[in-house]
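Student: Residue numbers for the sequence shown follow this note's numbering, beginning at 54 and rising by one. Every residue, glycine too, gets a C-beta built ideally from N, C-alpha and C. Predicted model only: the values in this text are computed from it and were never measured.
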Amino acid sequence: MASQTKKAPPKGILKKPTVTASPSPSPSASASPSPQQKPDPREIAIQHAKIIHDRRALEDTITDSIILLAKLPTSKEPSSSPSQTTRTTTTTTASSSTNDYSEQDAELFKSHVRLFQPSDYDALIEERNALGSCGYGLCGRPRTRLGPGAGDYKLLNWGRRDFAIVPRAEAERWCSRRCARRAMYVKVQLSETAAWERAGIETIRIELLEEQQDAEQERQRRQKVPEKEKGEDEDAAAAAAAAQVARDETDRRQKAAKDAMDLALERGDTDKKRAAKRRINVTIREKKVVAEVREPSLAAGGGDDGHLVLDGYKTKFDPKSETINGNKGSTTIPDAKEDDDGKATE
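This is how it looks when you write it as structure tokens:
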């Protein structure tokens, strides 16, 4: 066998990188960070259990609030007669502006409703209706009871500006439309956010419709006082302006009389009676002006074609463009144009 020769490995043509001495790592950099401690599953479970327990406790508090508010107000008005409760319209019985509850009941109602959701408020209305009371939490009157045979809808305030057609179930929730407005005014202030997310917010406040109306009346009452003072100031200013106009009129008349006296002195009419009776004869004649008649002449520098100028414009007329035949009053064009068919046009 032929002897096998060993081949040398191929060499690269690129330059070898120079190795630089790297600085020694510092002790702080070389030290690895301390490993994080893993959370204890038991502690996490206990924390979640506490959160769920707090939520359940808050839900129980809301349920207790519904039971408590269903019995408000503490001092209820005497119940109306059955004929009044079955009357077709009951808005007139609650149209008075006086409140039928105490301030303590109002504060209790607002403090408990503060964390309600709209669904919780609907549950409160249903609970009060089950007890036979009006759905509004601060109303002590019984809810409306429609007579048998009524349809699914109810006509309220027939012939009035606030006429409305409402479902029968909705009309029986309240004792009047006023209580319905008061209840809905509270409901629109409630939030859909869960109660445990809003429990720590102390700025949440519930406003009653009566409080808003009282504040509006107070604001209007305060505005009336400046308006009254403003009206008095306007009356005084108008009186001063009228007095100034009267003084100006008096001064004008005095000045006119003085001017008349000065004019009379200039004329020599010292006696007013004689001056009033004096007459002056005035004759008006027309002035006759006779001028020489001149024949019309052409404009200067017009030449022979001056008759062609009209209001400064000279008519452009070329007599060579037409020839006059022997016949009077007729003209012919020597060069007749031919049509496309080769016939001459007359």
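(1) With H, G and I counted as helix, E and B as strand and the rest as coil, what does DSSP make of residue 118?
(2) Over what stretch of residues does the alpha helix (DSSP H) that includes residue 178 continue unbroken?
(3) Taking the C-alpha atoms as reference points, what is the distance between residue 397 and residue 369?
(4) Mapping the DSSP letters down to three states, classify residue 209 as helix, strand or coil.
(5) For my contact list, residue 159 and residue 261 are in at a C-beta cut-off of 8 angstroms; report their separation, rounded to the angstrom.
(6) Quick one: what's residue 186 bridged to in DSSP?
(7) Could you tell me the distance, in whole angstroms, from the CA atom of residue 200 to the CA atom of residue 170?
(8) Looking only at DSSP bridge pairs, what is residue 366 linked to?
(9) Would residue 294 be called buried (16 or more neighbouring beta carbons within 10 Å of its own) or exposed?
(10) Restricting to runs no shorter than 4 residues, where is the alpha helix (DSSP H) found entirely within the segment 212–283?
(11) Tell me whether residue 189 is buried or exposed, calling it buried when 16 or more other Cβ atoms sit within 10 Å of its Cβ.
(12) Near residue 233, what residues of its chain come up, given a Cβ to Cβ distance below 6 angstroms and the 5 sequence neighbours on each side ignored?
(13) Whose C-alpha, out of 195, 179, 64 and 116, is nearest the C-alpha of residue 126?
(14) Do residue 209 and residue 230 count as a contact pair if the criterion is CB distance below 8 angstroms?
(15) Closer than 7 angstroms: is that where the CB of residue 241 sits relative to any heavy atom of the ligand COA?
(16) So, helix, strand or coil for residue 66, using DSSP?
(17) How big is the Cα-Cα spacing for residue 271 and residue 128?
(18) Along the chain, where does the alpha helix (DSSP H) containing residue 161 start, and where does it finish?
(19) Please work out which residues of its chain come closer than 7 angstroms, Cβ to Cβ, to residue 121, disregarding the five sequence neighbours upstream and downstream, and give them in chain order.
(20) Near residue 358, what residues of its chain come up, given a Cβ to Cβ distance below 8 angstroms and the 5 sequence neighbours on each side ignored?
(21) List the whole-angstrom C-beta distance separating residue 119 from residue 180, where the pair is believed to meet the contact cut-off of C-beta under 8 angstroms.
(22) Identify which residue in 273, 176, 225 and 174 has its Cα closest to the Cα of residue 185.
(23) Alpha carbon to alpha carbon, what distance is there between residue 252 and residue 168?
(24) Tell me the DSSP secondary structure of residue 338 in three-state form.
(25) Going by beta carbon distance, what residues of the same chain come within less than 6 angstroms of residue 265, once the five residues before and after it are set aside?
(26) To the nearest angstrom, how far is the alpha carbon of residue 90 from that of residue 100?
(27) Between the alpha carbons of residue 314 and residue 305, how many angstroms are there, rounded?
Tutor: Walking through what the data contain:
(1) To locate residue 118, count along the sequence shown from 1; it is residue 65. Helix, per DSSP.
(2) Residue mapping note: residue 178 aligns to position 125 of the sequence shown, counting from 1. Its alpha helix (DSSP H) spans residues 171–183.
(3) The sequence position of residue 397 within the sequence shown is 344, counting from 1. The sequence position of residue 369 within the sequence shown is 316, counting from 1. The predicted position of residue 397 is uncertain, since its pLDDT is 45 and thus under 50; a value taken from the coordinates is nonetheless stated next. Distance between the alpha carbons of residue 397 and residue 369: 29 angstroms.
(4) Here residue 209 is taken as the residue at index 156 of the sequence shown, counted from 1. Here residue 209 sits in strand by DSSP.
(5) Within the sequence shown, the letter at position 106 stands for residue 159. Within the sequence shown, the letter at position 208 stands for residue 261. About 7 angstroms; that satisfies the 8 angstroms criterion.
(6) Sequence index remark: in the sequence shown, residue 186 carries index 133 (1-based). BP columns for residue 186 point to 195.
(7) To locate residue 200, count along the sequence shown from 1; it is residue 147. To locate residue 170, count along the sequence shown from 1; it is residue 117. Approximately 33 angstroms, taken between the alpha carbons.
(8) Taking the first residue of the sequence shown as 1, we reach residue 366 at position 313. Per DSSP, 363.
(9) For the purposes of this step, residue 294 is identified with residue 241 of the sequence shown, where counting begins at 1. Exposed, since its Cβ has fewer than 16 Cβ neighbours within 10 Å.
(10) 221–224, 230–240 and 248–251
(11) The residue labelled residue 189 in the question sits at position 136 within the sequence shown. Residue environment for residue 189: buried (at least 16 other C-beta atoms within 10 angstroms of its C-beta).
(12) As a working note, residue 233 is residue 180 in the sequence shown. For residue 233, where only same-chain residues beyond five positions count, the Cβ hits under 6 angstroms are 227.
(13) Position 73 of the sequence shown holds residue 126. Of the listed residues, the one whose Cα sits closest to residue 126 is 195.
(14) For the purposes of this step, residue 230 is taken as the residue at position 177 of the sequence shown. For the purposes of this step, residue 209 is taken as the residue at position 156 of the sequence shown. In this structure, residue 230 sits near residue 209, with a CB-CB distance shorter than 8 angstroms.
(15) Of the ligands one can find in the structure shown there are none, so the ligand COA has no counterpart to examine.
(16) Walking along the sequence shown from the start, residue 66 turns up at place 13. In the structure shown, residue 66 sits in coil (DSSP, three-state: anything other than H, G, I, E or B).
(17) As a working mapping, residue 271 is identified with position 218 in the sequence shown. As a working mapping, residue 128 is identified with position 75 in the sequence shown. Between residue 271 and residue 128, the C-alpha separation is close to 27 angstroms.
(18) Within the sequence shown, residue 161 is the residue found at index 108, counting from 1. From DSSP, the alpha helix (DSSP H) with residue 161 extends over 156–166.
(19) Stepping through the sequence shown from its first residue, residue 121 is reached at position 68. Same-chain partners within the cutoff: 165.
(20) If you number the sequence shown from 1, residue 358 lands on position 305. The residues are 367.
(21) Residue mapping note: residue 119 aligns to position 66 of the sequence shown, counting from 1. Residue mapping note: residue 180 aligns to position 127 of the sequence shown, counting from 1. Sure, about 6 angstroms apart at Cβ, within 8 angstroms.
(22) By one-based count along the sequence shown, residue 185 stands at place 132. Per the Cα distances, 225.
(23) Start at 1 with the first residue of the sequence shown, and residue 168 comes out as number 115. Start at 1 with the first residue of the sequence shown, and residue 252 comes out as number 199. Spanning the two alpha carbons is a distance of roughly 7 angstroms.
(24) By 1-based counting over the sequence shown, the position of residue 338 is 285. Three-state result, residue 338: coil.
(25) For the purposes of this step, residue 265 is identified with residue 212 of the sequence shown, where counting begins at 1. None.
(26) Along the sequence shown, one-based indexing puts residue 90 at 37. Along the sequence shown, one-based indexing puts residue 100 at 47. Rounded to the nearest angstrom, the two C-alpha atoms are 18 angstroms apart.
(27) As a first step, residue 314 must be located in the sequence shown, where it is residue number 261. As a first step, residue 305 must be located in the sequence shown, where it is residue number 252. Roughly 14 angstroms between the two C-alpha positions.
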